[in-house]
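Everything below concerns the one structure shown next.
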Amino acid sequence: MDAIDRKILALLEAEARLTVTELAQRVGLSVAPCHRRLRELERAGVIRGYRAVVDPASLGLGFEVLVSVTMDREDAGTIERFESSLATVAEVRHAERLFGDPDYLVRVATADIAAYQQLRDEKLAVLPGVRRLTSTIVMKRIVDERPFSSPGSGN
Numbered sequence: 001m002d003a004i005d006r007k008i009l010a011l012l013e014a015e016a017r018l019t020v021t022e023l024a025q026r027v028g029l030s031v032a033p034c035h036r037r038l039r040e041l042e043r044a045g046v047i048r049g050y051r052a053v054v055d056p057a058s059l060g061l062g063f064e065v066l067v068s069v070t071m072d073r074e075d076a077g078t079i080e081r082f083e084s085s086l087a088t089v090a091e092v093r094h095a096e097r098l099f100g101d102p103d104y105l106v107r108v109a110t111a112d113i114a115a116y117q118q119l120r121d122e123k124l125a126v127l128p129g130v131r132r133l134t135s136t137i138v139m140k141r142i143v144d145e146r147p148f149s150s151p152g153s154g155n
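Terminal number for the sequence shown in the UniProt record's numbering: 155, no gaps in between.
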């Protein structure tokens, strides 16, 4: 990956709706070589997809909670059942398995505290292998969706 590839990535992270023509102009290439580089970045899995970033509050989901999950059992079957069950919970926005304690960190978005309480009690607490849930309400996001690279950063 060279500096032009990195610039393509930075521009697309900032503005994914750029046309190939606009992208080519901004990185200083003609359209055909820019298009080839873009397709190669996609084929190699460097670019995994394109999406709109939606404001959860505009959808009535402005109440966010970070949920630390400590497992009671960590055998392979329980972990597999927990993870596949967690993936079906629509309110889960992001979930990561961690080394150490807690075992998982899960970000959920709901309408309000009452909706979160119902989600916690009826869906999260009953997932396979859960010993303890610790909920932390998000006050505000300081850094969110930071690009991996930016033009001129050398990344």
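All C-beta atoms, glycine included, are put in the ideal place defined by N, C-alpha and C.
Problem - DSSP-derived helix/strand/coil call for Y116 - result: helix
Practice task
Could you spell out where the beta strand (DSSP E) holding A88 opens and where it closes?
Solution key: For the sequence presented, residue 88 should be read as Thr rather than Ala. Taken as a continuous stretch (DSSP letters only), T88 belongs to no beta strand (DSSP E), as it is neither H nor E.
Practice task
Kindly give me the distance between the Cβ atoms of I4 and R37, rounded to whole angstroms, as I take these residues to be in contact under 8 Å.
Solution key: About 7 Å separates the two Cβ atoms, so the contact holds.
Practice task
Give me the Cα-Cα distance between L105 and V143, rounded to the nearest whole angstrom.
Solution key: 17 Å
Exercise for the section: Ignoring anything shorter than 3 residues or poking outside the region 51-86, list the beta strand (DSSP E) runs there in chain order. Expected result: 63-71
Problem - Unbroken stretches of the alpha helix (DSSP H), 4 residues or longer, contained in the region 10-53 - result: Taken in chain order, the complete alpha helix (DSSP H) segments of 4 or more residues contained in the region 10-53 are 20-27, 31-43.
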